[in-house]
Amino acid sequence: MAQSGRRDAPELPDFSLLKRLARDQLIYLLEQQHEVDKLYKVELKPIVSTADQLCFLIRPRIQTVKWISDVVNLDKAAGRLRRYKIIFTPQKFYACEAVLEEQGVFGDVTCDEWAFYLLPLDDDIISLELPEFFRENFLEGDQRWVGAAGGALRLIHSLYGPFSKVYGIGQCAKMVYESWREQVEDGEQKTQQPEIGNVFLIDRDVDFITPLCSQVVYEGLVDDIFRIKCGSVEFGPEVTSSDKSIKVMLNSQDKVFNEIRNEHFSNVFGFLSQKARNLQTAYDKRRGMDIQQMKAFVSEELKGLKQEHRLLSLHIGASECIMKKKTKQDFQELLKTEHSLLEGFEVRECVSFIEEHINRQISMIDSLRLLCLLSLTENGEYL
C-alpha cells in the first residue's frame with residue numbers, strides 16, 4: 004500500500020464506512036424488500052431452483068439481460084410460474100429494458116435499481132469497477148456512465164464532507180464534474196468537517212502509453228496473468244499444487260502481499276525466501292517452551308503463523324507461475340523493445356521484434372499492445 008512518508012500527511016478517510024453502508028443497504032434490499040433467502044453467483048448457466056421467485060442483482064449489461072430473458076422464456080415454455088425481479092446497479096438503462104421487450108418478457112419482469120456506486124478494495128482504494136466505461140465512452144461515444152461517476156462523487160461528498168478543490172483534465176472529467184454538481188443539493192454537508200482535500204479527475208485518453216507498457220511489479224504481473232477482479236484473484240491448480248482453485252483477497256490485510264505488491268518482480272523471490280526463513284524461526288520458537296508458554300503461543304500466535312504460511316505458499320506458487328510464463332514470452336526482450344519505443348531509438352529493430360513476435364504467435368495481446376505502442380510513439384508512421 005502506497006503511503007505518504009510525510010509526518011504531517013492527513014489521515015486516510017475511513018472507507019469501511021462504505022462497506023457498512025453497502026452491507027446494510029443490500030441486506031435491506033434483498034431480505035426485507037424482496038425476501039431473498041439464498042444467494043447464487045450469476046454464471047450465465049441454466050438455473051436449477053424450485054423457488055417461486057427469482058431476484059437478479061446485476062450490472063446493466065446486455066448479455067446478462069439476454070440470459071435472464073432466456074431463463075424466463077424457458078420457464079414459460081415449461082409451464083413454470085414464477086415472479087422475476089431484476090435489480091440493476093448502479094442504475095438501470097433504457098437499452099436493458101428494450102432487450103426485455105424484444106425478447107418478449109418485459110411484462111413478466113419487474114425492474115428496480117440499487118444506486119450504490121463504489122466498492123472499497125483496500126484501506127486507500129475505492130473503485131467503480133466498471134471495466135466497460137472506457138470502451139463505451141471513449142470508443143463508442145456512449146456517455147451513459149458519466150452519471151454513475153458523478154453519483155460516486157456525490158456519495159463520497161455526502162459521507163466525507165465537501166471537497167476543498169476539484170481539478171480535472173479532459174472532456175469526460177468535465178462532464179463528470181458537471182454531473183456531480185447537478186446532483187449535489189445546495190448547502191448539503193456544509194457543516195460537516197471535510198475529510199478529503201483535493202479531488203483529481205483525469206481522463207484515460209490523457210495517457211494511453213502507460214497501460215500499454217508491461218507491468219513489472221508483483222501486483223501488476225498477478226493481474227496480467229491471473230486477472231484481479233473486484234480486489235480478488237483466483238489461483239488455479241498450477242499455483243495451489245492441488246486439484247482445486249482458491250480465491251484470495253488481495254489487500255493490505257494479506258501481510259505477505261502487502262509487502263511485495265509494489266516491489267519489482269526481480270526482488271520478490273528474495274523477499275519470499277527471507278519470509279519463509281522468518282516463519283520457520285517463529286515456528287521453531289515453540290521448542291523448549293513450558294506448558295504456559297506453549298498455551299500462550301497457541302492462543303496468540305499459531306493461528307496467525309498458519310495463515311501467513313498459507314498465503315506465503317500461494318504467493319510463491321504465483322511467482323513461480325509468473326516466472327515460467329514470462330520466461331517463455333521473452334519478457335526481457337519485450338521490456339527492451341518497449342523502452343526503445345518510448346525513447347525513440349532503434350525503431351527498425353523494434354518493428355522487426357514485433358513482426359517476429361506476431362509470427363511466433365507468442366501472445367496476441369502482447370502483440371497488439373506493442374503495435375498500439377508503436378503507433379502512439381511514432382504517430383502511426385509504421386502502420
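When we follow my numbering, the leftmost residue of the sequence shown carries the number 4, and every step to the right adds one. Just so you know, even glycine gets a beta-carbon here, dropped at the ideal spot from N, CA and C.
Is residue i buried or exposed, if buried means 16 or more other CB atoms sit within 10 Å of its CB?
{"i": "Pro93", "result": "buried"}
{"i": "Glu352", "result": "exposed"}
{"i": "Lys95", "result": "buried"}
{"i": "Tyr180", "result": "buried"}
{"i": "Lys44", "result": "exposed"}
{"i": "Asn140", "result": "buried"}
{"i": "Pro63", "result": "buried"}
{"i": "Val112", "result": "buried"}
{"i": "Lys278", "result": "buried"}
{"i": "Phe18", "result": "buried"}
{"i": "Ala5", "result": "Annotation note: pLDDT 40 at Ala5 (below 50); position unreliable, no value reported."}
{"i": "Val51", "result": "exposed"}
{"i": "Ser355", "result": "exposed"}
Taking C-beta to C-beta, are residue i and residue j nearer than 7 Å?
{"i": "Glu392", "j": "Phe91", "result": "Only positions 4 to 386 of the chain appear in this structure, which leaves residue 392 out of reach."}
{"i": "Val236", "j": "Leu315", "result": "no"}
{"i": "Leu142", "j": "Ile129", "result": "no"}
{"i": "Leu317", "j": "Phe229", "result": "no"}
{"i": "Phe268", "j": "Val219", "result": "yes"}
{"i": "Ser161", "j": "Gly200", "result": "no"}
{"i": "Tyr416", "j": "Ile263", "result": "Here the chain covers residues 4 to 386 and nothing more, so residue 416 does not appear."}
{"i": "Arg1", "j": "Val187", "result": "The chain is shown from 4 up to 386; residue 1 falls before or after that span and cannot be answered."}
{"i": "Pro123", "j": "Leu21", "result": "yes"}
{"i": "Gly150", "j": "Ser182", "result": "yes"}
{"i": "Val209", "j": "Ile172", "result": "yes"}
{"i": "Gln56", "j": "Arg86", "result": "yes"}
{"i": "Gly320", "j": "Val271", "result": "no"}
{"i": "Phe136", "j": "Trp148", "result": "yes"}
{"i": "Leu344", "j": "Leu371", "result": "no"}
{"i": "Glu304", "j": "Pro16", "result": "no"}
{"i": "Ile365", "j": "Leu224", "result": "no"}
{"i": "Leu337", "j": "Ile357", "result": "no"}
{"i": "Leu47", "j": "Val39", "result": "no"}
{"i": "Ala54", "j": "Phe119", "result": "no"}
If you draw a straight line from the alpha carbon of residue i to that of residue j, how long is it in whole angstroms?
{"i": "Val108", "j": "Cys114", "result": "12 Å"}
{"i": "Tyr215", "j": "Glu359", "result": "Here residue 215 is Leu; the residue named in the question, Tyr, does not match the sequence. Whole-angstrom Cα-Cα distance: 19 Å."}
{"i": "Ala152", "j": "Glu266", "result": "31 Å"}
{"i": "Met390", "j": "Lys331", "result": "In the structure displayed, the chain extends from 4 to 386; residue 390 sits before or after that span and is not available."}
{"i": "Ile61", "j": "Lys339", "result": "42 Å"}
{"i": "Asp127", "j": "Lys177", "result": "24 Å"}
{"i": "Asp125", "j": "Gly234", "result": "8 Å"}
{"i": "Gly307", "j": "Arg289", "result": "14 Å"}
{"i": "Glu14", "j": "Tyr163", "result": "12 Å"}
{"i": "Gln310", "j": "Ser378", "result": "47 Å"}
{"i": "Glu341", "j": "Lys328", "result": "18 Å"}
{"i": "Ile212", "j": "Ile65", "result": "30 Å"}
{"i": "Thr380", "j": "Arg207", "result": "17 Å"}
{"i": "His37", "j": "Ile89", "result": "11 Å"}
{"i": "Met297", "j": "Gln256", "result": "26 Å"}
{"i": "Gly190", "j": "Gly154", "result": "For Gly190, the predicted model reports a pLDDT of 49, less than 50, meaning its position is unreliable and no value from the coordinates is stated."}
{"i": "Arg184", "j": "Gln196", "result": "19 Å"}
{"i": "Ser217", "j": "Ser245", "result": "30 Å"}
{"i": "Val252", "j": "Asn261", "result": "Val is not the amino acid found at residue 252; the sequence shown has Met there. If I take the Cα positions, the gap works out to 11 Å."}
{"i": "Ile361", "j": "Ile231", "result": "26 Å"}
{"i": "Gln283", "j": "Asn254", "result": "24 Å"}
{"i": "Phe334", "j": "Val350", "result": "18 Å"}
{"i": "Asp369", "j": "Leu204", "result": "29 Å"}
{"i": "Gln35", "j": "Phe59", "result": "15 Å"}
{"i": "Ser302", "j": "Ser276", "result": "27 Å"}
{"i": "Val68", "j": "Ala81", "result": "20 Å"}
{"i": "Asn281", "j": "Asp287", "result": "10 Å"}
{"i": "Asn382", "j": "Tyr97", "result": "39 Å"}
{"i": "Ala285", "j": "Asp293", "result": "16 Å"}
For the ligand ZN, any of its heavy atoms closer than 6 Å to the Cβ of residue i?
{"i": "Ala101", "result": "Annotation note on the ligand ZN: not contained in the displayed structure, which lists no ligands."}
Beta strand (DSSP E) segments (min. 3 residues) lying fully within the segment 168 to 209: Entirely contained in the segment 168 to 209, the beta strand (DSSP E) runs reaching 3 residues are, in chain order, 168 to 172, 201 to 205.
Runs of alpha helix (DSSP H) wholly within the segment 89 to 158 (minimum 4 residues, chain order): Qualifying alpha helix (DSSP H) stretches, in chain order: 97 to 105.
Sequence ranges, alpha helix (DSSP H) only - wholly within the segment 212 to 287, length at least 4: 212 to 215, 221 to 229, 240 to 243, 258 to 263, 268 to 287
The segment 99 to 108 contacting the segment 57 to 77, beta-carbon criterion three pairs below 8 Å: yes
Runs of beta strand (DSSP E) lying entirely within the segment 25 to 67, each at least 3 residues, in chain order: 56 to 61
Sequence ranges, alpha helix (DSSP H) only - wholly within the segment 285 to 325, length at least 4: 294 to 300
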